[in-house]
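Counting from 1, position 255 in the sequence shown corresponds to residue 371 in the numbering used here; the numbering is continuous, with no gaps. For every residue, glycine included, the Cβ atom is placed at its ideal position computed from N, Cα and C. One structure is given here, and the rest of the page talks about it.
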Amino acid sequence: MNFNLTKDQLAIQTEARKYAVGKILPRINEMEFKRDLVEEMGELGFFGCAFPEEFGGTDLGFLAHSLVCEQISRVDSGLRSLFNLQAMTVPYTILEWGSPETRKKYIEALVLGKHIGCTCFSEPGAGSDIAGIQTQIEDKGDHFLLNGQKTWISNGTVADTAIVYATLDQDLSHRGLCAVVVETDQPGWEARETPKLGDKSSPIAEIFLKDVVVPKENLLGELGNGFQVAMTALDRGRISVGSGAVGLAQACLDASVAYANERTQFGKPIAAFQMVKSNIAEMISMIESARLLLRRAAWMNDQDLPFTREIAIAKYVAGEAAVMAAGKAMEIHGGMGYSLEMPVERYFRDSKLYQVGEGTANIMKLIIADDALNIKRANRKRLHVPSQFRSLVA
Ligand SMILES: Cc1cc2nc3c(=O)[nH]c(=O)nc-3n(C[C@H](O)[C@H](O)[C@H](O)COP(=O)(O)OP(=O)(O)OC[C@H]3O[C@@H](n4cnc5c(N)ncnc54)[C@H](O)[C@@H]3O)c2cc1C
């Protein structure tokens with residue numbers, strides 16, 4: 117691995133930082149979804165790094181995607197959540213598993229920010245255990261019908277295009293799962309917003325599906341392939357989520373360094389006290405470890421190497437780094453950490469998600485340990501489309 121970023125990677129990283137500070141930061145107190153920013157980021161190519169030009173992308177790769185996610189999250193972790201849905205778990209999953217017609221119909225609008233995407237795995241009875249999904253998919257001959265309920269769906273209230281995971285028959289467990297692309301603008305789709313702790317610019321919904329119609333050609337992969345589709349989608353989603361965790365942790369560090377140099381106690385800046393220095397050093401060490409792990413995993417994806425193990429390690433460490441850095445930032449800020457005048461209370465609220473979303477910290481540790489113990493190999497060969505996918509694109 118070459119540790120130097122390319123000219124193009126540096127350029128998109130700089131552009132993302134400039135955009136985040138110039139356009140997102142001034143609106144940080146609008147605690148709601150901002151569709152205009154989604155469109156702008158789509159036009160700037162922020163969602164399209166891993167996609168070829170014919171689908172509205174720039175073909176810069178997954179490492180470039182990671183760099184953009186980090187910079188957006190450094191300013192607004194909630195807006196970073198979008199990158200999962202406008203790039204990784206919705207359009208990239210369609211690119212990987214969809215028919216040429218489905219790719220043509222849905223990918224570009226998502227990547228350019230014209231349509232909003234959402235991914236529906238979670239249900240009241242199925243979170244970490246995706247094989248426990250109960251939403252039913254029925255084959256009606258010329259179309260499919262979906263019935264069931266989903267929870268915790270990011271962008272659920274605003275999405276135009278969803279990927280829904282459903283089962284043919286619960287007794288088949290993971291072998292019964294199917295993944296389909298759903299257009300949300302139909303009578304059987306109902307979304308109700310869920311109030312939550314952080315990530316205020318990213319709406320979350322409970323979704324009720326009643327006789328939702330899905331055209332046959334919107335099946336991703338084959339009937340009963342949904343578990344495999346989910347695993348590839350989650351691997352890529354973890355690049356976006358892990359990079360977001362690093363960005364948030366960096367924001368905690370930036371705020372802490374500034375405050376430690378400015379705040380005076382006992383006649384000195386608090387930066388002079390060894391216990392404050394210790395916190396800063398621990399934050400930097402965790403952040404840089406997480407960043408390098410993320411870049412390794414994204415780079416492996418760019419090289420078309422299996423990377424399930426590496427992204428599980430990276431996402432786990434990045435989640436821990438985000439929560440640790442947010443806690444230490446609160447400590448360094450003393451009472452001001454608790455104030456709504458400073459951003460650290462927001463970082464603290466947003467950070468916890470990184471130990472939950474896209475697979476909990478425990479699930480990441482299971483992947484890592486099962487691989488080491490020869491219980492379940494993490495890096496198995498799977499059907500997927502790398503950056504060199506041109507031959508697969510009709
Ligand atoms: C802000 C936010 C956004 C989200 N966005 C989406 C979205 O867009 N789409 C979507 O489908 N879902 C989404 N989710 C849901 C998220 O993916 C789940 O919350 C997550 O997978 C965990 O599932 P759960 O909440 O049901 O917890 P559970 O699976 O019930 O886990 C509870 C606890 O038990 C532990 N646990 C479970 N199984 C094991 C095991 N085998 N070994 C050890 N420990 C275990 C977990 O680690 C956790 O600590 C979102 C969640 C949040 C909070």
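Taking the alpha carbon of residue i as the point to measure from, which residue in the options has its own alpha carbon closest?
i           : options               : result
residue 124 : 354, 149, 184 and 214 : 184
residue 308 : 299, 315, 319 and 301 : 319
residue 332 : 290, 152 and 214      : 214
residue 389 : 438, 341, 294 and 448 : 448
residue 210 : 235, 359 and 424      : 235
residue 289 : 431, 249 and 311      : 249
residue 103 : 256, 400 and 469      : Not covered by the structure: residue 103. The range shown for the chain is 117 to 510.
residue 457 : 145, 128 and 133      : 145
Which of helix, strand or coil does DSSP assign to residue i?
i           : result
residue 335 : strand
residue 317 : coil
residue 243 : coil
residue 277 : strand
residue 187 : helix
residue 306 : strand
residue 260 : strand
residue 324 : strand
residue 127 : helix
residue 451 : helix
residue 419 : coil
residue 295 : strand
residue 385 : strand
residue 269 : strand
residue 496 : coil
residue 491 : coil
Suppose the cutoff is 7 Å on Cβ atoms and the five residues either side in sequence are ignored; what does the same chain contact list for residue i look like?
i           : result
residue 137 : 191
residue 330 : 259, 260, 262, 296 and 298
residue 493 : 487
residue 373 : 396
residue 337 : 213, 295, 344 and 345
residue 162 : 132 and 184
residue 201 : 233, 234, 235, 270 and 271
residue 473 : 357
What residues in its chain sit with their C-beta under 6 Å from that of residue i, if we drop five residues either side in the sequence?
i           : result
residue 368 : 441, 442, 445 and 463
residue 172 : 164, 224, 227 and 228
residue 220 : none
residue 365 : 403, 437, 438 and 441
residue 479 : 244
When burial is assigned at 16 or more other CB atoms within 10 Å of the CB, is residue i buried or exposed?
i           : result
residue 357 : buried
residue 271 : buried
residue 64  : What is shown of the chain runs 117 to 510, which leaves residue 64 out entirely.
residue 239 : buried
residue 130 : exposed
residue 467 : buried
residue 418 : buried
residue 237 : buried
residue 426 : buried
What residues in its chain sit with their C-beta under 8 Å from that of residue i, if we drop five residues either side in the sequence?
i           : result
residue 208 : 166, 167, 349 and 352
residue 496 : 422 and 424
residue 511 : Because the chain in this structure spans residues 117 to 510, residue 511 falls outside the shown range and cannot be described.
Our contact map puts residue i next to residue j with C-beta atoms below 8 Å; I'd like the distance itself, whole angstroms only.
i           : j           : result
residue 430 : residue 413 : 5 Å
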